[in-house]
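J.:
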Amino acid sequence: MGKRFWPWLWFLLGASYFLVPLYATFDFSLRARRGELTFAAYANVLRDIKFVESFSFSLQTALATIVVSALVIVPTAYWVQLRLPRLRPVVEFFTLLPFVVPAVVLVFSLARTYSRTPLTDSREGLWVLLVGSYVVLSFPYMYRAVDTGLRSINIHDLTEAAQSLGAGWPTILMRVIFPNVYVSLLSGAFITFAIVMGEFTIAALLAQPAFGPYMNLLASSKVYEPSALAIISFGLTWAAIAAIQWIGQGTQARLVGPR
Amino acid sequence: MALLTRAKTGQPFSGRRGVSWRWLGVVPFFAFVAAFLIWPTLSIIGQSFLDQQRNLTLQNILQLGQPFIVAAYVYSLQLSAVTALGGGLLGGLLAYAVTIGGLPRPLRSAVMSFSGVASNFAGVPLAFAFIATLGQLGIVTQWLRSVGVNLYPAFSLYSFWGLSIVYIYFQIPLMVLIMAPALEGMRREWREASESLGASTRQFWRYVGLPILLPSILGTMVLLFGNAFGAHATAFQLTGGGSQGNVVTILIGAQISSDALSNPGLGNALALGMIVIMGVTIGLYTWLQRRSARWLRS
Amino acid sequence: MAFLEITGVRKSFGASVAVESFHLAVARGEFVSFLGPSGCGKTTTLRMVAGFEKPTSGRIVIDGVDVTDTPPNRRNVGMVFQSYALFPNMTVADNIGFGLKVARRPAGEIQERVTELLRIIHMPEYGRSYPYQLSGGQQQRVALARALAIQPKLLLLDEPLSALDAKIRASLRQEIRDIQRQLGITTIYVTHDQEEAMALSDRIVVMSRGRIEQVGTPFEVYNFPATRFVASFVGTLNVLQATVADAATGRLSVQGQEIRVARPLPEHAPGASVGVAIRPELISLDGQAGHDANRLSGTVADVTFLGPIVRVQMHLSGDVLHIDIFNNPQLRPPQPGAPITVRFAPDACLVLDDA
Numbered sequence: 003m004g005k006r007f008w009p010w011l012w013f014l015l016g017a018s019y020f021l022v023p024l025y026a027t028f029d030f031s032l033r034a035r036r037g038e039l040t041f042a043a044y045a046n047v048l049r050d051i052k053f054v055e056s057f058s059f060s061l062q063t064a065l066a067t068i069v070v071s072a073l074v075i076v077p078t079a080y081w082v083q084l085r086l087p088r089l090r091p092v093v094e095f096f097t098l099l100p101f102v103v104p105a106v107v108l109v110f111s112l113a114r115t116y117s118r119t120p121l122t123d124s125r126e127g128l129w130v131l132l133v134g135s136y137v138v139l140s141f142p143y144m145y146r147a148v149d150t151g152l153r154s155i156n157i158h159d160l161t162e163a164a165q166s167l168g169a170g171w172p173t174i175l176m177r178v179i180f181p182n183v184y185v186s187l188l189s190g191a192f193i194t195f196a197i198v199m200g201e202f203t204i205a206a207l208l209a210q211p212a213f214g215p216y217m218n219l220l221a222s223s224k225v226y227e228p229s230a231l232a233i234i235s236f237g238l239t240w241a242a243i244a245a246i247q248w249i250g251q252g253t254q255a256r257l258v259g260p261r
Numbered sequence: 047m048a049l050l051t052r053a054k055t056g057q058p059f060s061g062r063r064g065v066s067w068r069w070l071g072v073v074p075f076f077a078f079v080a081a082f083l084i085w086p087t088l089s090i091i092g093q094s095f096l097d098q099q100r101n102l103t104l105q106n107i108l109q110l111g112q113p114f115i116v117a118a119y120v121y122s123l124q125l126s127a128v129t130a131l132g133g134g135l136l137g138g139l140l141a142y143a144v145t146i147g148g149l150p151r152p153l154r155s156a157v158m159s160f161s162g163v164a165s166n167f168a169g170v171p172l173a174f175a176f177i178a179t180l181g182q183l184g185i186v187t188q189w190l191r192s193v194g195v196n197l198y199p200a201f202s203l204y205s206f207w208g209l210s211i212v213y214i215y216f217q218i219p220l221m222v223l224i225m226a227p228a229l230e231g232m233r234r235e236w237r238e239a240s241e242s243l244g245a246s247t248r249q250f251w252r253y254v255g256l257p258i259l260l261p262s263i264l265g266t267m268v269l270l271f272g273n274a275f276g277a278h279a280t281a282f283q284l285t286g287g288g289s290q291g292n293v294v295t296i297l298i299g300a301q302i303s304s305d306a307l308s309n310p311g312l313g314n315a316l317a318l319g320m321i322v323i324m325g326v327t328i329g330l331y332t333w334l335q336r337r338s339a340r341w342l343r344s
Numbered sequence: 002m003a004f005l006e007i008t009g010v011r012k013s014f015g016a017s018v019a020v021e022s023f024h025l026a027v028a029r030g031e032f033v034s035f036l037g038p039s040g041c042g043k044t045t046t047l048r049m050v051a052g053f054e055k056p057t058s059g060r061i062v063i064d065g066v067d068v069t070d071t072p073p074n075r076r077n078v079g080m081v082f083q084s085y086a087l088f089p090n091m092t093v094a095d096n097i098g099f100g101l102k103v104a105r106r107p108a109g110e111i112q113e114r115v116t117e118l119l120r121i122i123h124m125p126e127y128g129r130s131y132p133y134q135l136s137g138g139q140q141q142r143v144a145l146a147r148a149l150a151i152q153p154k155l156l157l158l159d160e161p162l163s164a165l166d167a168k169i170r171a172s173l174r175q176e177i178r179d180i181q182r183q184l185g186i187t188t189i190y191v192t193h194d195q196e197e198a199m200a201l202s203d204r205i206v207v208m209s210r211g212r213i214e215q216v217g218t219p220f221e222v223y224n225f226p227a228t229r230f231v232a233s234f235v236g237t238l239n240v241l242q243a244t245v246a247d248a249a250t251g252r253l254s255v256q257g258q259e260i261r262v263a264r265p266l267p268e269h270a271p272g273a274s275v276g277v278a279i280r281p282e283l284i285s286l287d288g289q290a291g292h293d294a295n296r297l298s299g300t301v302a303d304v305t306f307l308g309p310i311v312r313v314q315m316h317l318s319g320d321v322l323h324i325d326i327f328n329n330p331q332l333r334p335p336q337p338g339a340p341i342t343v344r345f346a347p348d349a350c351l352v353l354d355d356a
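So the sequences go chain by chain: A, B and C. Sequential numbering from 3 applies to the first sequence in the working numbering. Sequential numbering from 47 applies to the second sequence in the working numbering. Sequential numbering from 2 applies to the third sequence in the working numbering.
#1: Just confirm the distance between the C-beta atoms of Y127 of chain C and L119 of chain C, as a whole number of angstroms; I'd bet it's less than 8 Å.
#2: When DSSP builds the beta bridges, which residues end up paired with L353 of chain C?
#3: Which residues in the same chain have their Cβ closer than 7 Å to the Cβ of K12 of chain C, if we skip the five residues on either side of it in sequence?
#4: Just checking: is the beta-carbon of W333 of chain B within a distance shorter than 8 Å of some beta-carbon in chain A?
#5: Assuming Q256 of chain C contacts L158 of chain C under a Cβ cut-off of 8 Å, what Cβ separation, rounded to an integer in Å, is found between them?
#6: Can you name the residues that DSSP bridges to S17 of chain C?
#7: According to DSSP, simplified to helix, strand and coil, what is H123 of chain C?
#8: With 8 Å as the threshold, decide whether the Cβ of W236 of chain B is near any Cβ in chain C.
#9: Apply the 10 Å Cβ neighbour rule to M371 of chain B and answer buried if 16 or more other Cβ atoms are within range, or exposed otherwise.
#10: Does Y226 of chain A come out as helix, strand or coil in the three-state DSSP assignment?
#11: For a test of your reading of the model: does the CB of F220 of chain C fall under 7 Å from any non-hydrogen atom of the ligand ZN? Yes or no.
#12: On the CB-based measure, 16 or more other CB atoms within 10 Å of its CB, does A48 of chain B come out buried or exposed?
#13: Could you please give the first and the last residue of the uninterrupted beta strand (DSSP E) stretch that includes G79 of chain C?
#14: Since P340 of chain C sits in a beta bridge, which residues does DSSP pair it with?
#15: Going by DSSP, which residues form a beta bridge with A26 of chain C?
#16: Alpha carbon to alpha carbon, how far is Q165 of chain A from L15 of chain A?
#17: For the segment 244-260 of chain B against the segment 98-116 of chain C, are there 3 or more C-beta pairs whose distance is under 8 Å?
#18: Using a Cβ-Cβ cut-off of less than 7 Å, list which residues of the segment 55-78 of chain A approach chain B; keep chain order.
#19: Taking DSSP's pairing of strands, which residues face Y190 of chain C in a bridge?
#20: Starting from the N-terminal side, write out each stretch of the alpha helix (DSSP H) that is 4 residues or longer and does not extend beyond the segment 98-152 of chain B.
#21: Are the segment 262-282 of chain C and the segment 239-250 of chain C touching, with three or more C-beta to C-beta distances below 8 Å?
#22: Exposed or buried, K168 of chain C, counting other C-beta atoms within 10 Å across all chains shown (16 or more means buried)?
#23: Compare the C-alpha of S229 of chain A against each of B:I258, B:G137 and B:V170 and name the closest.
#24: State yes or no: is the beta carbon of E241 of chain B nearer than 8 Å to at least one beta carbon in chain C?
#25: Is there a Cβ from chain B that is less than 8 Å from the Cβ of T203 of chain A?
#26: Could you tell me whether the segment 174-181 of chain B touches the segment 210-230 of chain A, where touching means 3 or more Cβ pairs closer than 8 Å?
#27: Quick one: is M320 of chain B near chain A, going by C-beta distance under 8 Å?
#28: Could you tell me which chain B residues have their CB closer than 9 Å to the CB of L164 of chain A, listed as they occur along the chain?
#29: Helix, strand or coil, according to DSSP, for F216 of chain B in the structure here?
#30: Exposed or buried, A53 of chain B, counting other C-beta atoms within 10 Å across all chains shown (16 or more means buried)?
#31: Along chain C, in chain order, which residues have C-beta atoms closer than 9 Å to that of I258 of chain B?
#32: Which same chain residues end up closer than 7 Å to V301 of chain C when comparing Cβ atoms and leaving out the 5 residues on each side of it in sequence?
#33: Looking at the secondary structure, which residues open and close the alpha helix (DSSP H) in which A246 of chain C lies?
#34: Count Cβ pairs between the segment 134-142 of chain B and the segment 214-226 of chain B that sit closer than 8 Å; are there 3 or more?
#35: CB N239 of chain C to CB I258 of chain B, shorter than 8 Å?
#36: Which whole-angstrom value describes the C-beta separation of D303 of chain C and R344 of chain C, a residue pair presumed to lie in contact below a C-beta threshold of 8 Å?
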């Protein structure tokens, strides 16, 4: 057992760095009333009409982002793998660019470049900019997920089989390729969901009534509610990641099963 | 494989209407990237070399020499370096513990999924978690006070070291997520071969283990550096996000709202500086990644 | 006094027993193979000799020193792995010199030794290459040189050729044997390939389910298998079901046809069921001559022309008999469906007790 001393030490150190702040937040969120533990702060948050509004705004934004991202990425990844394999490094490079261009630089560039156009002068325009930036941010995760998914099935043979049975391109994409990658697509979608729901920088700088800026607003005016909100937001991210893992396990079972 | 693929793909369709139509398939993607990423970024880079009359100038770049901007860059670079090192060290040790350290398997998957969550933790939730922990009334602060250690007023969550501690919270999990697979790529046979040749554990790590892992470790730390350098929400929450902010990202953010002010060139130059640093960072990361991939191929 | 002595070694992982009552004495300079199917305990035994696994009970003595509790880095044993396990961050020369470097030998001596070993493995110009630039066969030769560089008391090879393709396997096999002879190093070689084991070894240890089935020279193991397992695992073998007709004279009945074996079978009652094993190459086609020969008649089921050898399958009311004959341009091979009679000597028959 003495041999395992150091690993255990590092583990406990890491675990406390992770867990103590969470515990502290949770503990703090329960102290809205002096001398008792209460969920009052949670009730206040959930009752706040601005919470409901900003949450549903971010929810819609996240869903829009996922749909647009999937519509762009699935055909691209498919086409690159099937017809343009030489283009793969190029596409990969572009999907990784959001790591080079931080969110704050991205939103700054967008705001400057499209200033005095309908994109920045109207509410709808700004929302388009918001979803557009989120879609770009989602590319690294979505492309990698879908590309891996496509690689695990033999899309050449599937496509040629479908063609030989008389299927056209829309049919092939929707009824053959899409059902086969939707599991990996879902895992990319959940990461995107988690990122969009908590995103602050882009939403705030585009002055959008999203969940992230709402949390920031609440943080400057309330004491206990932000902690409750932090726990809720953490739970949300956790749920998204749990969903990925759960789906991921399903995939493995599916892949192993028939063989 | 690549050859085979090409041979297979070339035939059925290319003959029909010439090759050029194949590019159509990726047009939506490139159009999107161009509209929402490339064009804005390039235009900012270009504009940072133009004055308001659209003449070529270096004036904007030279403005970066102002003391408060240099200070912000230095502050950001230091913060990124410190948190990359600290997060890299702690995250690396944690990744080691749950992979080849021999801890029970369930701990590994628990740490991995938790890291997935925690690496996305930023902004308000993260700031409040640490205010509840290390703020004036935080749990750890109070506990330390009860054993006779007063953090305040020497320490502040809003200081450099306070910010570093908060940043490390999302740096550790990123390190774990990237290093765990690399550590698992270490083959048991290397350890055994080294042992049978007479090497001690220390000699194994010195001559074999660490050199093999070094490109991955360095690469991941470079990535952490970029991750911290580009972070905005957490710093905004903790420092208030004023135009006199001490972190570069805050300065850039402030430039958006102060668009009407007289000096749009400065924001462009700030963004350019950021892009250059991030570009170097990612380039370095890619180079290191390739190096370790080459070694671990066989 | 044997050079390597393994006495009563047993290894269990939890409830499952990997190796049991393993006794073996290996002489200095001997080349011994552990042969058996995967999971038979051969690799576990080798890893216990190397020190990577600790025996649950039993002793291991190398050159008069009990090393049972010695860690692997103090055993001075060279190990070659199936996956080469070269250190990817080092050049070929650094890999080979690694053992001497950690032993803090002077740089000049290391260089000298590395050069010598590069010559022995016929790769003198590869010192500055990195492992990823080498083919599998070259990598394994470097791994062999690395193991030899420390002048180990024992050389252990764990399926070193399994990851290579057939042609390289054959040439490297010969090279390993040559180097071993040249250096006179005591060697243990683990393999599941019986041809490899026979081509290389002074003696073969055949293992199955954690136990030794037989220890002997390739000649002994092939011609006089001690158990039914050895008989079936080493080489191809026909096993005919027979009943004892007359135990005293060794007469048996195979599907109604009578054959004789070379020894009486006092341990069997008349009518008892036994297995008779015959190597395909000990059966010949011509039904004539040899008054003491056994004869069996049937029909030709299939003929496979393998070049130097022609393999005939004969139907014998239910049983199939394989017969290997040398190719002879003057003799047409029999046609499928034709009646055929084969002949073999009584002492080619091996009676398997555990039928």
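Cβ atoms here follow ideal geometry from the backbone N, Cα and C, with glycine treated the same way. The structure displayed is predicted, hence computed values, not measured ones.
T.: In short, the structure shows the following:
#1: 7 Å
#2: DSSP lists C:G276 as partners of L353 of chain C.
#3: Cβ neighbours of K12 of chain C beyond the five flanking positions: A19, V20, T45, M49, E54, P56 and T57.
#4: no
#5: Cβ atoms of Q256 of chain C and L158 of chain C stay farther apart than 8 Å, at about 45 Å.
#6: C:F14
#7: coil
#8: yes
#9: Coverage of chain B is limited to positions 47 through 344, which leaves residue 371 of chain B absent and any answer about it impossible.
#10: The DSSP-derived three-state label of Y226 of chain A is coil.
#11: Only the bare structure without any ligand can be found here, which leaves the ligand ZN out of the picture.
#12: Summary for A48 of chain B: the model assigns pLDDT 37, below 50, so the residue's position carries little reliability; its value from the coordinates is reported in the next sentence. Label assigned to A48 of chain B: exposed.
#13: Run containing G79 of chain C: V78 to V81, per the beta strand (DSSP E) assignment.
#14: C:T300
#15: Answer by DSSP bridge pairing, in chain order: C:E6.
#16: 57 Å
#17: Segments in contact, yes.
#18: Flagged, chain order: V74, P77 and T78.
#19: Answer is C:S34 and C:L158.
#20: 105-109 and 113-144
#21: Judged by Cβ distances under 8 Å, the segment 262-282 of chain C makes contact with the segment 239-250 of chain C, as three or more pairs qualify.
#22: exposed
#23: B:V170
#24: At least one chain C Cβ lies under 8 Å of E241 of chain B.
#25: yes
#26: yes
#27: yes
#28: Reading off the sequence, residue 164 of chain A comes out as Ala, not Leu. Here the premise fails: no neighbours, minimum Cβ distance about 13 Å.
#29: helix
#30: Because the pLDDT at A53 of chain B is just 38, under 50, the model does not fix this residue reliably, and the point stays unresolved.
#31: F88, P89 and N90
#32: V313, M315, P335, Q336, P337, G338, A339 and I341
#33: That residue, A246 of chain C, is in no alpha helix (DSSP H); its beta strand (DSSP E) goes N239 to D247.
#34: yes
#35: no
#36: Rounded, the Cβ-Cβ distance is 20 Å, inconsistent with contact.
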